[in-house]
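Residue numbers (the working numbering), protein chains in the order written: chain A, 1106 to 1362; chain B, 17 to 270.
One structure is given here, and the rest of the page talks about it.
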C-alpha cells in the first residue's frame, strides 16, 4: 500500500541515494557501522562499530558498566573538564589571531578585540568564563573521585596524574591571567608570584626565571604567553592522554559503591 | 578485563537453571564420579563390553601378530572380527576420560557484569552535557563581560591587590601565618598529601560507611579551602582588612 502512495519523484530520490551510498567514494569515507552507510540498522554489531570505527568515540570502550552511565554517579565532571579544555583551545586560537604579547601592545590588542572585532568580546568572555569553570570542574571532579574512593587500587597512579592535571589547570589559568595586561592582571600576578618567592632555598631563583627578571615586565608577558599557549597545553595534553588511557586500563570507572 | 557476551551469559544462566532442576530429581546421572566409586556407577553393559574387549586383546596378544597393525587398546583389532562385541551405539567405542569443572584450569577472572553499549547510552548523555555546558557558557558570556581594567601600571598599586580567586585561600592564610608557612609549607603539605592519599589510605573498602575518617578529613580539607577562599574573596577590603561585603561593597574581580 505504501508503495502505491509513493510518487515518481521520491522513487528517483531513492535511486539517487542508493547510487551515492553504493559508490566506492562514499564507502571509503564512512567506515562500517556509520549511520550514513547503506542499510544501517540499530544492531549490537553496529553499536560496537560506531565506537570502534570513530577516532573520537574510541576513547570509550564499546560497553561500560551499567552504573557508569548514571549521571548521578559521575556528574559528568571529568568529561566536562575535558570538554571545557576543548572549548578553551578553540576560543584561545581565535584570540591568538588578535593578540601580541608585548607590554606596549597587549592591552590595546584586547581593547581593539572587544570593540572592533566581530564576536571578539563574546569569544573573550567565553574564554575567560570557561577557564574559571574548568578550574571549578576539575576541583569538583577530584572531590567526586575521592568521595567514591575511586583512588584506591588499581587506580592509585591515575589519581596522582589527576592531581598533576589539577596543578597544570591552575598554572594554565594563572598564566592566562596576566595576558590582558591590565591593572587586575598585573597585580594579581604580582601577589601570586610574590608567594612563590617565599619558597625556601631557591625561591628567588624560581621567581626570577618565571618573571624573566626581578620585576614583572614585557619579558614576563612573553614568557607567560608561551607557557600559556604552547608549553602548558602541550604538557597537559600528554597527561590527559595518560589519564584517559589509565581509566581504560584500570578497568573502566570505579564502582558501583 | 574479559567480558562475557550477553547472549552467552544468558545461555549459561539457562543451562545452570536446567542443571539445578535436573539435580532436584532423585536419580541424576553422576558425571563427577571418582575413580574409586566408578566401578559401581558404570552401566552394566559397558562393563561387560570392556571385559570382553580386554580378554579379546589378551587373546590377540597370545596369538602373536595375526594383525601387525593391531592397536594396544584392541579397539581396531576387534573391528576386524566378525561380530563386534565391544561396539557401542553407532559402532563407536567411547570412553569418558574426565570431567573438568570450569575454573579449575581456566582462570575465569570476570564475573559476568551488567554492561550497556556506550552508543547510544553514554554518548547521548555526554552530548547533552556538552550542549548544556556550551549553552551556559555562551549565554553567560553574552550577558556578563570579562573584566578589562585600565592599562597595567607598576607605579599604581590598587588597594586591595588580590590574587586570582583560586589563590585567595592562600592569600588569606598569608594574613594569618608567616609567608613561608602560608605560601609554601601548607600548600605543599596539602598537595603532597593529596598525591599520596592512595598510598596512605590502605583501607580497601570504597563504601562510605567504612571510611568515615578519610571522608571526614577530606571534607574538612575541602571546607577549609572553600571558607578561606570565600573570606579572601568577599570579606577582605582595602588594606586586607576584614569587611562585610553587604556593608562595604565587593572588592573582587574574576
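Glycine included, C-beta positions come from ideal geometry on N, C-alpha and C.
Taking C-beta pairs closer than 8 Å, name the residues in chain B that residue 1214 of chain A reaches, listed in chain order. By Cβ distance, chain B contributes nothing, its closest Cβ being about 11 Å from residue 1214 of chain A, past 8 Å.
Where does the unbroken beta strand (DSSP E) through residue 1168 of chain A begin, and where does it stop? 1168 to 1170
Using 8 Å as the threshold, is the C-beta distance between residue 1362 of chain A and residue 219 of chain B below it? no
Using 8 Å as the cut-off, can you tell me whether the stretch 1350 to 1360 of chain A makes contact with the stretch 1166 to 1183 of chain A, which would need three or more C-beta pairs spanning the two stretches below that distance? These segments touch.
Please list the terminal residues of the continuous beta strand (DSSP E) segment that includes residue 132 of chain B. Segment 131 to 133, the beta strand (DSSP E) holding residue 132 of chain B.
Listing by chain order, which chain C residues have their CB less than 7 Å from the CB of residue 1289 of chain A? In summary, chain C is missing from the structure at hand, where the protein chains are A and B.
C-beta atoms of residue 1162 of chain A and residue 1169 of chain A nearer than 8 Å: no
Could you say if the stretch 1196 to 1206 of chain A and the stretch 1142 to 1151 of chain A meet the contact criterion of at least three C-beta pairs nearer than 8 Å? Judged by Cβ distances under 8 Å, the stretch 1196 to 1206 of chain A makes no contact with the stretch 1142 to 1151 of chain A, as fewer than three pairs qualify.
Bridge partner(s) assigned by DSSP for residue 167 of chain B: A:1287
Distance between beta carbons of residue 1251 of chain A and residue 1225 of chain A, contact taken as under 8 Å: Not really, about 40 Å apart at Cβ, beyond 8 Å.
With DSSP run on the structure shown, which of helix, strand or coil describes residue 1142 of chain A? coil
Residue 1183 of chain A, buried or exposed, once every other Cβ within 10 Å from all chains shown has been counted against 16: buried
Report yes or no: is there a C-beta of chain A within less than 8 Å of the C-beta of residue 183 of chain B? Chain A contact via Cβ: present.
Return the CA-CA distance between residue 146 of chain B and residue 140 of chain B, expressed in angstroms with no decimal places. Residue 146 of chain B and residue 140 of chain B have their C-alpha atoms spaced approximately 10 Å apart.
Quick one: is residue 154 of chain B near chain A, going by C-beta distance under 8 Å? yes
Do residue 1291 of chain A and residue 170 of chain B have their C-beta atoms within less than 8 Å of each other? yes
Determine the burial state of residue 1228 of chain A: buried for a count of at least 16 other Cβ atoms within 10 Å of its Cβ, exposed for fewer. buried
If you draw a straight line from the alpha carbon of residue 187 of chain B to that of residue 1333 of chain A, how long is it in whole angstroms? Approximately 23 Å between the Cα atoms of the pair.
At what residues does the alpha helix (DSSP H) containing residue 1328 of chain A begin and finish? 1323 to 1331
What residue range does the alpha helix (DSSP H) around residue 215 of chain B cover? Counting along the chain, the alpha helix (DSSP H) containing residue 215 of chain B begins and ends at 202 to 216.
Reduced DSSP secondary structure (H/G/I, E/B, other) of residue 159 of chain B: Residue 159 of chain B sits in a helix when the DSSP states are folded into three classes.
In chain B, which residues lie with their C-beta within 9 Å of the C-beta of residue 1278 of chain A? For residue 1278 of chain A, the chain B residues whose Cβ falls inside 9 Å of its Cβ are 180 and 182, in order along the chain.
Nearest to residue 200 of chain B by CA position, among A:1166, A:1286, A:1301 and A:1185, is which residue? A:1301
Which residues share a DSSP beta bridge with residue 1135 of chain A? According to DSSP, which records beta bridges pairwise, residue 1135 of chain A is partnered with nothing at all.
Chain A within 8 Å of residue 112 of chain B, Cβ atoms only: no
Counting beta carbon pairs with one atom in the stretch 1314 to 1321 of chain A and one in the stretch 1258 to 1278 of chain A, are three or more of them shorter than 8 Å? no
Within the 8 Å Cβ cut-off, does residue 1307 of chain A reach chain B? Not one beta carbon of chain B lies nearer than 8 Å to the beta carbon of residue 1307 of chain A.
In chain order, which continuous runs of the alpha helix (DSSP H) of length 4 or greater are located wholly inside the stretch 1195 to 1275 of chain A? 1211 to 1221 and 1225 to 1252
Proximity test, Cβ basis, 8 Å: residue 174 of chain B and chain A: For residue 174 of chain B, the answer is yes, since a Cβ of chain A falls inside 8 Å of its Cβ.
Have a look at residue 86 of chain B and residue 111 of chain B and give me their C-alpha separation to the nearest angstrom. Bear in mind that the predicted position of residue 86 of chain B carries a pLDDT of just 41, short of 50, making it too unreliable to give a figure here.
Using only the alpha-carbon positions, how far apart do residue 1177 of chain A and residue 34 of chain B sit? 38 Å
Use the C-beta contact count for residue 1352 of chain A: other C-beta atoms within 10 angstroms, 16 or more gives buried, fewer gives exposed. buried
To the nearest angstrom, how far is the alpha carbon of residue 1142 of chain A from that of residue 1115 of chain A? 19 Å
Check whether the stretch 1302 to 1311 of chain A and the stretch 1278 to 1294 of chain A are in contact - that is, three or more C-beta pairs closer than 8 Å. no
Could you give the distance in angstroms between the alpha-carbon of residue 1354 of chain A and the alpha-carbon of residue 137 of chain B? 21 Å
I need the DSSP call for residue 267 of chain B, collapsed to helix, strand or coil. coil
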